[in-house]
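Asks: Take this structure first; my questions come after.
Chains as they are written, first to last, in the working numbering: chain A, 882 to 1323; chain B, 61 to 228.
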């Protein structure tokens, strides 16, 4: 009997703790973060204004380097978006219990990361209206999109990924929204929760349908995780540029995406648990488990780096050999070596449990890995392009203030969206945590 | 219109199931179960209704794949046949990514429409309140004999059995 009462009181406590940020006063740290986010967005608005009204001539691109920071940022954000679905879908299918504390934050991160990523290809078109021509619909001359192009596959893959992730995220929130509609929030807020909970009744049949659709969506989302970044990698791999033209790219990009995505989830979870006092729900055990996956993915990425270098020299292709020597010793060598340090050396420290369970060190590592993974995309894009087959084409790429503003803007948008979400919706799926507790009890 | 319902509720899953078994052993029927969290044992044993969600997912997945292929086939060979470096117009391997994405998208969207479309009338407020307090609830089929015994059963420690009057 006493045991039963313990579960009851613990369940009530879980709801109270997770929902406290939704009812209470906004904290100073939230306002601070929100202000940073808004300032970032203002930079982004300036960047978009310049790009749209003056053209992409305001970027540091030229005839040799047609893709610069924009594609780097795009691939980075898409990669970050991968871990959300990975945590939610793949770990759900494998019945990994530790996912419950972090899955909502990871899914939310996915949605916002894809929104940030989508900004870059759209504005890169110069005129936003041109984005319409990526939709499979004939224009006035009956000209269709090219279905043989990986760039079009990207449109299909990312749109599908976004929609499926959105459905998965939303359906996962419905039981919690139904609890919130009866909660302590203001009347207007409760009405919104009621509307969003879509008449969830909580009957056994509702739960059965819920379980079924979540498992099925997870089964759909899992191959999507693999397909999206494989297709993104084909944007590069199907070209003939040395450094891009490589069959190892799809698995290498998928591993890199999960690696950077987990690092971003780690950064967000460490901040969230501290700011919202959720240490009881986002525990050191979660951080430790995520660090193990970061270590695994980091090792796969390191292996891919070495294989890439090996192929370049083993192939006997002088352009490939030159490209790798240029990466390691050319004008961008400093960024290449920082990338190597962040993506290969740093994760290897995670073999030690003491480091894996140290929150402060993990936080610094997650930021370094995020930076390293951004540099990886920069290295792939820029160092492969800036010295191509003809030395007369060689050039040095430097981003302009407009490009930097766009990147800062995307980070600002991400921070703002995440913080607004924290104030309006529960960042932890409390119905799942309660279920988990019940199972643990048995 | 004033209505009466008989509900059994408990904050503890084990006690709730014991209560349900107690009521069922006496030969009374239960109309509906409500739970704040998924309870697998209930789903397996009681109210064994089938859901069409998996079938819809499969059918629309196949339709999506056929649609994706048909669109690409028609565009590339009929509507606007373009020669891309001598590649065949019906370049099947390059159709696979779009076919794959169309299948998954169509399946996911169709399943979610079925999931969202299955809206029923609102719960009585009392049930929503109990659920938000993490109580497990069962609504019993009304029965005059049962109503007479409510007071006796209410003395059970493990679960609560209440007659609740609400506006329909």
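Just so you know, even glycine gets a beta-carbon here, dropped at the ideal spot from N, CA and C.
1) Would you verify that the beta carbon of residue 1088 of chain A is, or is not, closer than 7 angstroms to some beta carbon of chain B?
2) Helix, strand or coil for residue 1276 of chain A, going by three-state DSSP, please let me know.
3) Looking at C-beta atoms only, is the number of pairs between the segment 1024-1040 of chain A and the segment 971-978 of chain A that lie closer than 8 angstroms three or more?
4) Going residue by residue through the segment 1170-1226 of chain A, where are the continuous alpha helix (DSSP H) segments of at least 4 residues, counting only ones entirely within it?
5) Would you list the one or two residues that DSSP bridges to residue 1316 of chain A?
6) According to the neighbour-count rule (16 or more other Cβ atoms, all chains shown, within 10 Å of its Cβ), is residue 1298 of chain A buried or exposed?
7) How is the alpha helix (DSSP H) around residue 1306 of chain A delimited, first residue to last?
8) Return yes when the Cβ of residue 991 of chain A is within less than 7 angstroms of the Cβ of residue 1331 of chain A, no when it is not.
9) Relative to the alpha-carbon of residue 1149 of chain A, which residue among A/912, A/898 and A/964 has its alpha-carbon at the smallest distance?
10) Please report whether the beta-carbon of residue 1038 of chain A lies at a distance below 7 angstroms from any beta-carbon of chain B.
11) Could you check what DSSP says for residue 882 of chain A in three-state terms: helix, strand or coil?
12) Could you list which residues in chain A have their beta carbon closer than 7 angstroms to that of residue 78 of chain B, in chain order?
13) Which residues mark the beginning and the end of the alpha helix (DSSP H) in which residue 94 of chain B is found?
14) Residue 135 of chain B touches chain A at which residues, Cβ-Cβ below 7 angstroms?
15) Does the distance from the C-beta atom of residue 1123 of chain A to that of residue 1200 of chain A stay below 7 angstroms?
16) Along chain A, which residues have their Cβ under 9 angstroms away from the Cβ of residue 317 of chain B?
17) Compute the distance between the beta-carbons of residue 997 of chain A and residue 957 of chain A, then report whether it is under 7 angstroms.
18) Going along the chain, which residues of the segment 1044-1072 of chain A sit with their C-beta nearer than 7 angstroms to a C-beta in chain B?
19) Can you tell me whether residue 70 of chain B is helix, strand or coil according to DSSP?
20) Roughly how many angstroms lie between the CA atoms of residue 896 of chain A and residue 1056 of chain A, to the nearest whole one?
21) Under DSSP, the alpha helix (DSSP H) around residue 118 of chain B begins and ends at which residues?
22) Can you list the residues of chain B that residue 1274 of chain A reaches, using a CB-CB cut of under 8 angstroms?
23) Anything in chain B within Cβ reach of residue 1019 of chain A, meaning under 9 angstroms, just list it in chain order.
24) 7 angstroms is my cut-off, CB to CB: does residue 1092 of chain A come that close to chain B?
25) Within 7 angstroms (strictly less), CB to CB, does residue 938 of chain A reach chain B?
26) What's the gap between the Cα of residue 976 of chain A and the Cα of residue 1280 of chain A?
27) State yes or no: is the beta carbon of residue 130 of chain B nearer than 7 angstroms to at least one beta carbon in chain A?
Replies: To lay it out plainly:
1) Counting from 1 along the first chain, the entry for residue 1088 of chain A is found at position 207. With a threshold of 7 angstroms between beta carbons, residue 1088 of chain A makes contact with chain B.
2) To locate residue 1276 of chain A, count along the first chain from 1; it is residue 395. Correct three-state label for residue 1276 of chain A: coil.
3) Fewer than three Cβ pairs drawn from the segment 1024-1040 of chain A and the segment 971-978 of chain A lie within less than 8 angstroms of each other, which leaves the two stretches out of contact.
4) The segment 1170-1226 of chain A contains, as complete alpha helix (DSSP H) runs of 4+ residues, the segments 1199-1210 and 1214-1221 (chain order).
5) Residue numbering aside, residue 1316 of chain A sits at position 435 when the first chain is read from its first letter. Answer is none; residue 1316 of chain A lacks a bridge partner.
6) Position 417 of the first chain, counted from the start, is the residue given in the question as residue 1298 of chain A. Answer is buried; the Cβ neighbour count reaches 16.
7) Locating residue 1306 of chain A in the first chain gives position 425, where the first residue counts as 1. In the DSSP annotation of this structure, residue 1306 of chain A is not part of any alpha helix (DSSP H), being labelled neither H nor E.
8) Residue 1331 of chain A cannot be examined here, being either before or after the span of chain A that is shown, 882 to 1323.
9) Stepping through the first chain from its first residue, residue 1149 of chain A is reached at position 268. Of the candidates A/912, A/898 and A/964, the one whose C-alpha sits nearest the C-alpha of residue 1149 of chain A is A/964.
10) If you number the first chain from 1, residue 1038 of chain A lands on position 157. Using beta-carbon distances, residue 1038 of chain A counts as an interface residue toward chain B, with a partner under 7 angstroms.
11) For this step, residue 882 of chain A is matched to residue 1 along the first chain. Confidence at residue 882 of chain A is low in this model, with a pLDDT of 40, below 50, so its placement is unreliable and the value that follows should be read with caution. For residue 882 of chain A, the secondary structure class from DSSP, reduced to helix, strand or coil, is coil.
12) Here residue 78 of chain B refers to the residue found at position 18 when the second chain is read from its first residue. None at all; the shortest Cβ gap to chain A is about 10 angstroms.
13) As a working note, residue 94 of chain B is residue 34 in the second chain. Element bounds for residue 94 of chain B: not the alpha helix (DSSP H) but the beta strand (DSSP E), 90-94.
14) Along the second chain, read from residue 1 onward, the residue named residue 135 of chain B stands at position 75. Under the 7 angstroms cutoff, chain A gives 1025 and 1028.
15) Start at 1 with the first residue of the first chain, and residue 1123 of chain A comes out as number 242. Start at 1 with the first residue of the first chain, and residue 1200 of chain A comes out as number 319. Contact flag set, yes.
16) The question about residue 317 of chain B has no answer, for chain B in this structure spans 61 to 228.
17) For this step, residue 997 of chain A is matched to residue 116 along the first chain. For this step, residue 957 of chain A is matched to residue 76 along the first chain. Going by C-beta atoms, residue 997 of chain A is not nearer than 7 angstroms to residue 957 of chain A.
18) Cβ contacts with chain B: 1044, 1045, 1048, 1052, 1060, 1063 and 1064.
19) Position 10 of the second chain, counting from 1, holds the residue named residue 70 of chain B. For residue 70 of chain B, the secondary structure class from DSSP, reduced to helix, strand or coil, is strand.
20) Within the first chain, the letter at position 15 stands for residue 896 of chain A. Within the first chain, the letter at position 175 stands for residue 1056 of chain A. Spanning the two alpha carbons is a distance of roughly 12 angstroms.
21) One-based indexing of the second chain puts residue 118 of chain B at position 58. Membership of residue 118 of chain B in the alpha helix (DSSP H) is indicated by the continuous run 113-134.
22) If you number the first chain from 1, residue 1274 of chain A lands on position 393. Within chain B, no residue comes near residue 1274 of chain A; the closest Cβ sits about 23 angstroms away, beyond 8 angstroms.
23) Here residue 1019 of chain A refers to the residue found at position 138 when the first chain is read from its first residue. Within chain B, the residues near residue 1019 of chain A are 135, 139 and 140.
24) Here residue 1092 of chain A refers to the residue found at position 211 of the first chain. Yes, residue 1092 of chain A counts as interfacial toward chain B.
25) Position 57 of the first chain, counting from 1, holds the residue named residue 938 of chain A. No, residue 938 of chain A lies away from the interface with chain B (no Cβ there is under 7 angstroms from its Cβ).
26) Taking the first residue of the first chain as 1, we reach residue 976 of chain A at position 95. Taking the first residue of the first chain as 1, we reach residue 1280 of chain A at position 399. One Cα belongs to residue 976 of chain A, the other to residue 1280 of chain A, and the distance between them is close to 45 angstroms.
27) Working through the second chain from its first residue, we reach residue 130 of chain B at position 70. Chain A contact via Cβ: absent.
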